[in-house]
Amino acid sequence: MTDTQNAITVNALNKFYGDFHALKDIDFHVSKGERVVICGPSGSGKSTLIRCLNRLQEHQGGQVIVQGIELGDNIRKLNAVRREAGMVFQHFNLFPHISVLENCVMPQILSRGTKRPEAEAKARELLDRVRILNQADKYPGQLSGGQQQRVAIARALCMEPKIMLFDEPTSALDPEMIREVLDTMVDLANGGMTMVVVTHEMGFAKEVADRVVYIEAGEIVEMAPPEIFFTTQKDERIKRFLSRILT
Numbered sequence: 007m008t009d010t011q012n013a014i015t016v017n018a019l020n021k022f023y024g025d026f027h028a029l030k031d032i033d034f035h036v037s038k039g040e041r042v043v044i045c046g047p048s049g050s051g052k053s054t055l056i057r058c059l060n061r062l063q064e065h066q067g068g069q070v071i072v073q074g075i076e077l078g079d080n081i082r083k084l085n086a087v088r089r090e091a092g093m094v095f096q097h098f099n100l101f102p103h104i105s106v107l108e109n110c111v112m113p114q115i116l117s118r119g120t121k122r123p124e125a126e127a128k129a130r131e132l133l134d135r136v137r138i139l140n141q142a143d144k145y146p147g148q149l150s151g152g153q154q155q156r157v158a159i160a161r162a163l164c165m166e167p168k169i170m171l172f173d174e175p176t177s178a179l180d181p182e183m184i185r186e187v188l189d190t191m192v193d194l195a196n197g198g199m200t201m202v203v204v205t206h207e208m209g210f211a212k213e214v215a216d217r218v219v220y221i222e223a224g225e226i227v228e229m230a231p232p233e234i235f236f237t238t239q240k241d242e243r244i245k246r247f248l249s250r251i252l253t
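In my numbering, the protein residues as written are 7 to 253.
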């Protein structure tokens with residue numbers, strides 16, 4: 007079975023760590039151009055789920071289909087999916103020994119075979135888009151956390167992905183740096199990018215998400231538009247979560 011209608015389709019997904027059942031029969035999809043926020047308490051399986059979407063974590067049952075390609079052990083298919091789905095992590099994963107510009111240039115050259123002049127032009131364009139071009143010649147260690155995360159977003163965009171996956175992109179940042187990263191993500195969303203975002207930033211979810219997915223103990227408890235999720239919530243587990251996260 008393949009699915010070319012959705013950007014991402016997950017069918018009966020199960021993930022184990024030894025005897026621990028981390029994800030239990032997960033079913034959901036992401037339409038092309040849709041913005042989905044995944045939330046839930048710590049240890050609920052949020053990051054495991056998003057890492058299964060590009061097989062940074064292998065699943066033991068069910069299906070993950072991205073841009074019509076089912077993820078499995080086929081390396082060619084896996085590489086094709088990873089070209090289509092950019093990922094931004096909690097920790098920026100920039101190469102510390104090369105400049106900001108080179109962090110965005112080298113992946114294009116190595117993964118896509120892009121010629122250096124074209125790769126540099128693309129890198130400068132996207133660094134400008136995330137408002138960090140003036141730092142292009144610095145090394146990552148010379149930047150703030152928020153600036154480094156914006157570089158990480160630009161680097162992912164340089165690969166021209168159809169989908170952007172964000173795994174708690176602001177959780178390692180100081181409070182004053184969070185807004186600059188969220189603003190960049192809002193700009194991406196407003197541009198029509200398909201996005202799946204694991205985050206505790208409920209303000210972002212209210213502003214940007216088409217749907218909010220709540221996970222607890224490895225199971226999806228609810229999927230709903232933000233106007234329903236935040237205002238007519240009946241599930242007591244979600245009410246408790248929101249009371250903690252919003253106060």
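Where a beta carbon is used, it is the ideal one built from N, C-alpha and C, also for glycine.
Here the structure is a predicted model, which is why all the values come from computation and not from measurement.
Would you check if the distance between the CB atom of residue i and the CB atom of residue j is smaller than 8 Å?
i	j	result
residue 111	residue 91	no
residue 201	residue 41	yes
residue 239	residue 248	yes
residue 187	residue 155	yes
residue 192	residue 44	no
residue 115	residue 127	no
residue 72	residue 14	yes
residue 29	residue 197	no
residue 173	residue 95	yes
residue 93	residue 171	yes
Thinking residue i and residue j are a contact (beta carbons under 8 Å), I'd like their distance in whole angstroms, please.
i	j	result
residue 146	residue 136	At roughly 14 Å, the Cβ-Cβ gap does not stay under 8 Å, so residue 146 and residue 136 are not in contact.
residue 221	residue 55	7 Å
Would you call residue i buried or exposed, if buried means 16 or more other Cβ atoms sit within 10 Å of its Cβ?
i	result
residue 242	exposed
residue 175	buried
residue 209	exposed
residue 207	buried
residue 21	buried
residue 119	exposed
residue 161	buried
residue 7	For residue 7, the predicted model reports a pLDDT of 49, less than 50, meaning its position is unreliable; a value from the coordinates is still stated below. Exposed, by the Cβ-count rule.
residue 39	exposed
residue 121	exposed
residue 50	buried
So, at 6 Å on beta carbons, what are the nonlocal neighbours of residue i in its own chain, with the 5 sequence-adjacent residues on each side left out?
i	result
residue 142	106, 107, 133
residue 61	77, 84
residue 37	12
residue 177	96
residue 67	20
Give the straight-line distance between the Cα atoms of residue i and residue j, rounded to the nearest whole angstrom.
i	j	result
residue 205	residue 139	26 Å
residue 199	residue 166	11 Å
residue 100	residue 229	33 Å
residue 235	residue 214	13 Å
residue 97	residue 153	12 Å
residue 183	residue 189	10 Å
residue 245	residue 218	14 Å
residue 24	residue 65	12 Å
residue 233	residue 26	34 Å
residue 31	residue 48	19 Å
residue 169	residue 250	30 Å
residue 237	residue 216	15 Å
residue 163	residue 212	24 Å
residue 109	residue 231	36 Å
residue 63	residue 131	32 Å
residue 52	residue 69	17 Å
Give every residue of the same chain whose Cβ lies closer than 8 Å to the Cβ of residue i, excluding the five residues on either side of it in the sequence, and list them in chain order.
i	result
residue 33	16, 17, 18, 19, 226
residue 87	60, 61, 72, 73, 75, 77
residue 5	Outside the shown range of the chain (7 to 253) lies residue 5, about which nothing can therefore be said.
Can you list, in chain order, the residues of its chain with a C-beta nearer than 7 Å to that of residue i? Leave out the 5 residues immediately preceding and following it.
i	result
residue 144	105, 106
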